[in-house]
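Engineer: Have a look at this one.
In my numbering, the protein residues as written are 3 to 53.
The structure is reproduced here in structure tokens:
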């Protein structure tokens, strides 16, 4: 499973309040962490299924 890349234009982001920018960054960080966890799980499942 791969996610589509989400891109937010810097121009749009710069017009948002500091609070909105902080929430967006937190959400991006959370998504990146989830993607890392998914990659580890996929790797484990692939190894287990090839046994």
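Cβ coordinates follow ideal geometry from the N, Cα and C atoms, glycine included. As the structure is a prediction and not an experimental result, all values here were calculated from the model.
#1: How is the alpha helix (DSSP H) around residue 46 delimited, first residue to last?
#2: At the level of alpha carbons, what is the spacing between residue 13 and residue 27?
#3: Which same chain residues, not among the five before or five after residue 21, have their C-beta less than 6 Å away from its C-beta?
#4: Once the 5 residues before and after residue 19 are set aside, which same chain residues still bring their CB inside 7 Å of it?
#5: With a threshold of 6 Å on Cβ separation, who are the neighbours of residue 3 within its own chain once the five nearest residues in sequence on each side are excluded?
Structural biologist: In short, the structure shows the following:
#1: Along the chain shown, read from residue 1 onward, the residue named residue 46 stands at position 44. Start and end: 20-51.
#2: Looking up residue 13 in the chain shown gives position 11. Looking up residue 27 in the chain shown gives position 25. Going by C-alpha positions, residue 13 is about 15 Å away from residue 27.
#3: Numbered from 1 along the chain shown, position 19 holds the residue referred to as residue 21. Cβ within range, chain order: n/a, list empty.
#4: Walking along the chain shown from the start, residue 19 turns up at place 17. Here the set comprises nothing.
#5: Reading the chain shown from its first residue, position 1 is the one you call residue 3. Note that residue 3 scores a pLDDT of 49, beneath 50, so its modelled location is shaky and nothing firm can be said.
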